[in-house]
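See structure below.
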Amino acid sequence: MDISFPAASLVISNRMPNHQQGVAASMLNTAINWSISLGLGIAGTIESTMIKQGKTQLEGYRYALYAAIGLSGLGVLVALIFCRVPKTTDPDETEPFLPDRSSTSTYGTIINNDA
């Protein structure tokens, strides 16, 4: 999560047109948080089911880890299949928004460049 979220945010922001970058970032954040919750629920269900079947707590953790490895592999597979970055002919569509700094300072104060 600590490394993948900023990297995914940059990829999404650079891939989307300027007017859709905020929506794309919020959709990414929603998908990541939903996936974390779903994965934790699956792991907890597997672990508690293993304990109810008479296995040790360590074995429950082990089976939950196996499920997490499987879900991670599924995520890599989905990324390899669906995350294609096509070449674009219009570089303005994929460039991130950079404000014009020629007429404002860091704090938004207007600077007179004619003086």
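Counting in full-length UniProt numbering, the final residue of the sequence shown is number 115, and the numbers go up one at a time with none missing. Glycine is no exception: its CB is placed at the ideal position from the N, C-alpha and C atoms.
Do ALA25 and SER9 count as a contact pair if the criterion is CB distance below 8 Å?
The residue given as residue 9 occupies position 9 in the sequence shown. The residue given as residue 25 occupies position 25 in the sequence shown. With contacts defined as CB atoms closer than 8 Å, SER9 and ALA25 qualify as a contacting pair.
| field | Contact under 8 Å by Cβ, ALA68 with GLY44 | value | For the purposes of this step, residue 68 is identified with residue 68 of the sequence shown, where counting begins at 1. For the purposes of this step, residue 44 is identified with residue 44 of the sequence shown, where counting begins at 1. Contact check for ALA68 against GLY44 fails: the beta carbons are separated by 8 Å or more.
* **Span of the alpha helix (DSSP H), counted from its first residue to its last, around GLY73** => On the sequence shown, position 73 is the one that residue 73 refers to. Unbroken alpha helix (DSSP H) run through GLY73: 57-82.
request  = Return the residue from the list GLY54, VAL11, PHE5 that minimises the CA-CA distance to ASN33.
outcome  = As a first step, residue 33 is located in the sequence shown; it is residue number 33 there, counting from the start. Ranked by Cα distance from ASN33, the first of GLY54, VAL11, PHE5 is PHE5.
query: What residue range is occupied by the uninterrupted alpha helix (DSSP H) comprising MET50?
result: Walking along the sequence shown from the start, residue 50 turns up at place 50. 21-52 is the extent of the alpha helix (DSSP H) around MET50.
- prompt: Would you say the beta carbon of SER48 comes nearer than 7 Å to a heavy atom of the ligand NAP?
  reply: This structure lacks the ligand NAP; in fact it carries no ligand of any kind.
- Note the first and the last residue of the continuous alpha helix (DSSP H) segment covering ILE12. Numbered from 1 along the sequence shown, position 12 holds the residue referred to as residue 12. Where ILE12 is concerned, the enclosing alpha helix (DSSP H) starts and stops at 4-15.
Quiz prompt | Exposed unless 16 or more other CB atoms sit within 10 angstroms - verdict on ALA64 | solution = What you label residue 64 is simply residue 64 of the sequence shown in a count that begins at 1. It counts as buried.
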